[in-house]
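Counting from 1, one number per residue, gives the positions in the sequence shown under full-length UniProt numbering. The structure appears below as structure tokens.
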Amino acid sequence: MNKYEKFGDLFIVDVSPGDLHGIVSSFILVDDKVTIIEPGPASQYNKLKNALLDLNLKPDIIISTHIHLDHAGSTGHLINDYPNAKAYVHPKGAKHIIDPSQLWDAANKFSKLLADNYGKPLPVKESNVIVPDDYSEINIGKHKVKFIYTPGHASHHMSILLYPENIIFTGDSAGGIFNFKSGKVYAITSPTPFKPIQYLESLEKMKSFKPKYIAPTHYGIHENGYEYLEIGVDRTKLWLDVINEDLAKGVEDLNKIVKDLMDADKDFMNAVNENIQFFTDGFLIESVKGMINAIKNGDYKK
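Set out below in structure tokens:
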């Protein structure tokens, strides 16, 4: 399989853990300032580094949509190898890039499966970290990057708009789009502590920019960016409504809730039927649990 694929001035690098493919992507933008969007998990840093070496590129800018291990985990490794690079991260996440020890402990408590597969991040010097404001922009040559705060999946989440292509890099703020055997599958990524009202507000915020393309970290770059954001709104509400209805009936069995989601959402059914344990347990089940907890905490009412 190719180490990376080209999309205009971008290279999409597959940094999925282990032997998996098409689960986690990192993006390299070639311009006056070489920019990495989503460095990916620490355990897969060699895949990103090999792509950089193969392309004879040295990054100047590293952008993470949020600090979760599968998105920002390789930031410290990159800074070690390219000490002049600057890491852009949401202000609420900056301290965890500088000292990731608390993040690492929390990740292990949340899911040993994910922590083991994504690997331990390295610290980043404070002098290498830049905190962008909401709606702020940087010019990196012929391209312009706009930072958009998009909480919901995480309080420290931001999405990235790239011009002139009008691509929105959504991290986990608009679900994932996966190319499985059954076809293209859309799935929400909503682990605890998921905030559905903020998440839906962030989707509407991103829609206001009418992006042409969407680039979810899970996975790749896709046309019909605006339409996928609309799907995100509808699908999020569908999942929440199915789960809310089950909980209102006193249904607590996770398997029953999953079955009801499979009946209501063909994409969810197709994703489960792929029988990829890492994806089912690490993505789908944790997302369902996140919505269950949000509803129980009163964070969503139909």
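Beta carbons are placed, not taken as given, at the ideal position from N, Cα and C, and that holds for glycine. Quick caveat, the model's predicted, so the values are computed rather than measured.
Quiz prompt | Beta-carbon proximity check, Val185 vs Ala271, cutoff 9 angstroms | solution = Start at 1 with the first residue of the sequence shown, and residue 185 comes out as number 185. Start at 1 with the first residue of the sequence shown, and residue 271 comes out as number 271. Result yes, Cβ atoms of Val185 and Ala271 sit closer than 9 angstroms.
Quiz item: DSSP three-state call for Phe27: helix, strand or coil?
Solution: Here residue 27 is taken as the residue at index 27 of the sequence shown, counted from 1. Strand, per DSSP.
Quiz item: Given Gly232, which residues of its chain have a CB within under 6 angstroms of its CB, disregarding the five upstream and five downstream residues?
Solution: Position 232 of the sequence shown, counted from the first residue, corresponds to residue 232. Hits under 6 angstroms: Ala174, Gly175 and Leu203.
Quiz item: By DSSP, does Ser16 sit in helix, in strand, or in coil?
Solution: The count along the sequence shown starts at 1 and reaches residue 16 at position 16. Coil, per DSSP.
Self-check item: Continuous alpha helix (DSSP H) assignments of at least 4 residues falling wholly in the segment 163–227
Solution: 196–207
Quiz item: Between Tyr199 and the rest of its own chain, which residues show a CB-CB distance below 6 angstroms, the 5 nearest in sequence each way excluded?
Solution: Numbered from 1 along the sequence shown, position 199 holds the residue referred to as residue 199. Once the five neighbours on either side are set aside, the close Cβ partners of Tyr199 are Gly152.
Quiz prompt | Residues near Phe268 in its chain [Cβ-Cβ closer than 6 angstroms; skip 5 each side] | solution = As a working note, residue 268 is residue 268 in the sequence shown. Cβ within range, chain order: Leu261 and Met262.
Quiz item: In whole angstroms, what is the alpha-carbon distance linking Gly73 and Val131?
Solution: Position 73 of the sequence shown holds residue 73. Position 131 of the sequence shown holds residue 131. The alpha-carbon atoms of Gly73 and Val131 are separated by roughly 17 angstroms.
Quiz prompt | Beta-carbon separation (whole angstroms), Gly282 vs Ser111, contact threshold 8 angstroms | solution = In the sequence shown, residue 282 corresponds to position 282, counting from 1. In the sequence shown, residue 111 corresponds to position 111, counting from 1. Confirmed, about 7 angstroms.
Practice problem: Assign Lys95 to one of three DSSP states: helix, strand, or coil. | Solution: Counted from its first residue, the sequence shown places residue 95 at position 95. Lys95 falls in the helix class under three-state DSSP.
Quiz item: Can you tell which of Pro91, Lys237, Lys207 and Ala42 has the C-alpha that lies nearest to the C-alpha of Asn224?
Solution: For the purposes of this step, residue 224 is taken as the residue at position 224 of the sequence shown. Nearest C-alpha to Asn224: Lys207.
Quiz item: Using a Cβ-Cβ cut-off of 6 angstroms (strictly less than) and excluding sequence neighbours within five positions of Asp134, which residues of its own chain qualify?
Solution: As a first step, residue 134 must be located in the sequence shown, where it is residue number 134. Correct list, in chain order: Tyr149.
Quiz prompt | Assigned secondary structure, Lys109 (DSSP; H/G/I helix, E/B strand, else coil) | solution = For the purposes of this step, residue 109 is taken as residue 109 along the sequence shown, with counting starting at 1. Lys109 falls in the helix class under three-state DSSP.
Quiz item: So what's Ser127 in DSSP terms, helix, strand or just coil?
Solution: Counted from its first residue, the sequence shown places residue 127 at position 127. Three-state DSSP puts Ser127 in a helix.
Quiz item: In angstroms, rounded to a whole number, what distance separates the CA positions of Ala42 and Gly76?
Solution: To locate residue 42, count along the sequence shown from 1; it is residue 42. To locate residue 76, count along the sequence shown from 1; it is residue 76. Distance between the alpha carbons of Ala42 and Gly76 is about 8 angstroms.
Quiz prompt | Among Asn80, Ala294, Ile295 and Phe169, nearest to Tyr226 - alpha-carbon criterion | solution = Here the question's residue 226 lines up with position 226 in the sequence shown. When each option's Cα is compared against that of Tyr226, the closest is Phe169.
Quiz item: Taking just the CA atoms, how far does Asp60 sit from Asn84?
Solution: By one-based count along the sequence shown, residue 84 stands at place 84. By one-based count along the sequence shown, residue 60 stands at place 60. If you take the alpha carbons of Asn84 and Asp60, they lie about 7 angstroms apart.
Quiz item: Should Ser190 go down as buried or exposed, given a rule of 16 or more other Cβ atoms within 10 Å for buried?
Solution: Indexing the sequence shown from 1 puts residue 190 at position 190. With 16 or more Cβ atoms within 10 Å of its Cβ, Ser190 is classed as buried.
Quiz item: Ser159: which of Leu122, Glu165, Thr217 and Glu286 sits nearest, CA to CA?
Solution: On the sequence shown, residue 159 is found 159 positions in, with the first residue counted as 1. Answer by Cα proximity: Thr217.
Self-check item: Under the three-state DSSP convention, the category residue 306 falls into
Solution: Nothing in the structure corresponds to residue 306, since the chain is present only between 1 and 302.
Quiz item: According to DSSP, what are the bridge partners of Val145?
Solution: Position 145 of the sequence shown, counting from 1, holds the residue named residue 145. Bridge partners of Val145: Ile138 and Leu162.
Practice problem: Starting from Glu230, follow its DSSP beta bridges and name the residues at the other end. | Solution: Locating residue 230 in the sequence shown gives position 230, counting from the first residue. Note: Glu230 sits in no beta bridge, so no partner.
Quiz item: For Lys210, which option in Asp99, Glu165 and Ala106 has the closest C-alpha, if you only look at C-alpha atoms?
Solution: Counting from 1 along the sequence shown, the entry for residue 210 is found at position 210. Cα-wise, what sits closest to Lys210 is Glu165.
Quiz item: Between the C-alpha atoms of Val124 and Lys86, what's the straight-line distance to the nearest angstrom?
Solution: Locating residue 124 in the sequence shown gives position 124, where the first residue counts as 1. Locating residue 86 in the sequence shown gives position 86, where the first residue counts as 1. Each residue's Cα considered, the two are about 10 angstroms apart.
Quiz item: Can the beta-carbon of Tyr300 be found closer than 9 angstroms to that of Pro193?
Solution: Residue numbering aside, residue 300 sits at position 300 when the sequence shown is read from its first letter. Residue numbering aside, residue 193 sits at position 193 when the sequence shown is read from its first letter. Contact: no.
Quiz item: Looking only at its own chain, which residues have a Cβ that is under 6 angstroms from the Cβ of Glu5, when we skip the five neighbours before and after it?
Solution: For the purposes of this step, residue 5 is taken as residue 5 along the sequence shown, with counting starting at 1. Here the set comprises Ile12.
Self-check item: Contact under 9 angstroms by Cβ, Leu113 with Phe278
Solution: Position 113 of the sequence shown, counted from the first residue, corresponds to residue 113. Position 278 of the sequence shown, counted from the first residue, corresponds to residue 278. Yes, these two residues count as a Cβ contact at 9 angstroms.
Exercise. Note down, in chain order, each residue of its chain lying with its Cβ closer than 6 angstroms to the Cβ of Lys256, except the 5 sequence neighbours on either side.
Key: On the sequence shown, position 256 is the one that residue 256 refers to. Excluding residues within five positions, none has a Cβ falling inside 6 angstroms.
Exercise. Note down the Cα distance separating Leu103 from Ile67, rounded to an integer number of angstroms.
Key: Counting from 1 along the sequence shown, the entry for residue 103 is found at position 103. Counting from 1 along the sequence shown, the entry for residue 67 is found at position 67. Each residue's alpha carbon lies about 8 angstroms from the other.
Quiz item: What number of angstroms, rounded off, separates the C-alpha of Asp31 from the C-alpha of Ile292?
Solution: Taking the sequence shown and counting its residues from 1, the one referred to as residue 31 is at position 31. Taking the sequence shown and counting its residues from 1, the one referred to as residue 292 is at position 292. The straight-line gap from Cα to Cα measures roughly 43 angstroms.
Exercise. Report the rounded CA-to-CA distance for residue 316 versus Lys142, giving the unit in angstroms.
Key: Residue 316 lies beyond the stretch modelled for the chain, which goes from 1 to 302, so this question has no answer here.
Exercise. Could you pull out every residue in the same chain whose Cβ sits closer than 6 angstroms to the Cβ of Leu10, ignoring the five residues on either side in sequence?
Key: Position 10 of the sequence shown, counted from the first residue, corresponds to residue 10. These residues qualify, in order along the chain: Phe27 and Leu29.
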